[in-house]
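Everything on this sheet refers to the single structure shown next.
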Amino acid sequence: MSGKVLVVDPSERPDLIRGLASEVRVSILKLLRDGEEKNVNQIAEKLGLPQSTVSSNLQVLEDAGLVTTESRKARKGSQKVCRTAFTEILVGFRDPLPEADDGTIEVSMPLGLYTTCEVAGPCGLCSADGVIGLLDVPNTFLEPDRMKAGLLWFTRGYVEYQFPNNTKLNRTRPTALEFSMELSSEVPGTAADWPSDIFLQVNGVDIGTWTSPGDFGDKRGVYTPNWWKLAGSQYGKLKNWRINGSGSYIDGVRISDVTLDDLMIDKHHSIRMRIGVKEDAEHPGGMNIFGRGFGNYDQDIVLRIAT
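Each residue of the sequence shown is one higher than the last, beginning at 1 in my numbering.
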C-alpha cells in the first residue's frame, strides 16, 4: 500500500462525497485498498457484479480522483487496470482558526521572502501592480523584486521560508505550531477539477499532504487586482496546518503521527517551512500561493507558535 491519505472537507469536495455515496463504489475501494492492481473483470468477479455496473461506478470514482486507471494491451484488445489513489480518506469540517492570545507568537511572512527555491515551469510571480520578471522562467524566482510578490505559482518543486524561532529569544516552550496560507492547484488557465498533492515540511520533516481540488477561476478573487486577467488563477482555499504534541493536522483533521518533538524546535534558531509539489506526486497538479493583494484572504503566510 502507498499509505497515502486524503483529507477532505465535504463543503470543498461535494463530488468526492457523491463518489462515496454508494455501497458498490465503497466495495470497489475496499477491494483495491490492498494496493494490487485489478482489471474490471477481476473486480466484477470478486464482487459478483455485472461488468457494466463495475465500469460505470469506476468512472464515477475516477472522476472524483479516488481511483486511477490505465489501459493496457490484453490478448484480445485492451483492458482497463485500476488501483486506488488513497489508502485512507479522512472527512472532517474545517475548524475556525483560533484567536491569537498572550501565549501565542505570530509571524507574518511575505510570499517573496523565501530563502531557497527549486521550481519548474509553467511558473511565475506577480505583485499587486504587475508581473515580476518573465513568466515561465524559473530563474525569475531569484529576482530581487520577488520581495513584492502577492501571488506565485509553479508546476513542480518547492519554496522554503525561514521563520525566526522566537521561543528561544523569549525562553518559552512551544506547545504547537500552525501555518496558515491560501493555496490552490495550478493549470494553464483554470480548472475547478484539477487535483494536486501539496506537501508541507518543517525542519526537513514531512508533515503531510493536502490534495487541492482545483485551480479556481469561476469568479474574481475578493482582493485580486482588476488588471489580472479573469482567465488566470483567482483564489484558493485557506489551509491551516497544525503540529502539536499528539500529531499533525490540516483544518483540525489528523493527517500524520509527526509531533512537535519530532521537529526539535528547541535545537534550531529558525523554523524552516517548505511547501511544494513532489516529482512523484500522485496528483502533480502544481500550486498557487496567494498573499496580500490577491485571492480571498488578504494575508501573507502566517506562523503561529502556541507557548
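Note that the Cβ used here is the ideal one computed from N, Cα and C, for glycine as well.
- The alpha-carbon separation between THR224 and PHE179 amounts to approximately 22 Å.
- For VAL277, the closest C-alpha among the options ILE271, SER270, LYS267, ILE289 is that of ILE289.
- SER127 sits in coil when the DSSP states are folded into three classes, being neither helix nor strand.
- The beta carbon of LEU230 sits closer than 8 Å to those of GLY217, ARG220, all from its chain and outside the five residues before and after it, given in chain order.
- Taking a cut-off of 8 Å on C-beta distances, the region 129-147 does not touch the region 235-242, as fewer than three cross pairs fall below it.
- The C-beta of SER248 has 16 or more other C-beta atoms within 10 Å across all chains shown, which makes the residue buried.
- In the displayed model, MET264 falls within coil according to three-state DSSP, outside both helix and strand.
- A direct Cα-to-Cα measurement between ARG13 and SER27 gives close to 20 Å.
- Considering only PRO188, PRO122, VAL159, the residue with the shortest C-alpha distance to PRO110 is VAL159.
- Out of SER184, GLU143, ARG75, the CA that lies nearest to the CA of TRP210 is found in SER184.
- By the CB criterion at 8 Å, ARG292 and GLY157 fall outside the cutoff.
- Under the 10 Å beta carbon count, ASP215 is surrounded by 16 or more other beta carbons and is classified as buried.
- Taken in chain order, the complete beta strand (DSSP E) segments of 3 or more residues contained in the region 58-94 are 67-73, 78-84, 88-91.
- A distance below 7 Å between beta-carbons, with the five flanking residues on each side excluded, links ARG72 to the following residues of its chain, in chain order: SER78, GLN79, VAL81.
- If you draw a straight line from the Cα of MET147 to the Cα of GLU70, it is about 43 Å long.
- Here the C-alpha atom of HIS268 lies approximately 44 Å from the C-alpha atom of GLY19.
- DSSP places SER27 in no beta strand (DSSP E) but in the uninterrupted alpha helix (DSSP H) bounded by 23-32.
- Sorting GLU23, VAL119, SER55 by C-alpha distance to the C-alpha of LYS38 places SER55 at the top.
- Counted as a single uninterrupted DSSP element, the alpha helix (DSSP H) harbouring PRO14 occupies residues 14-20.
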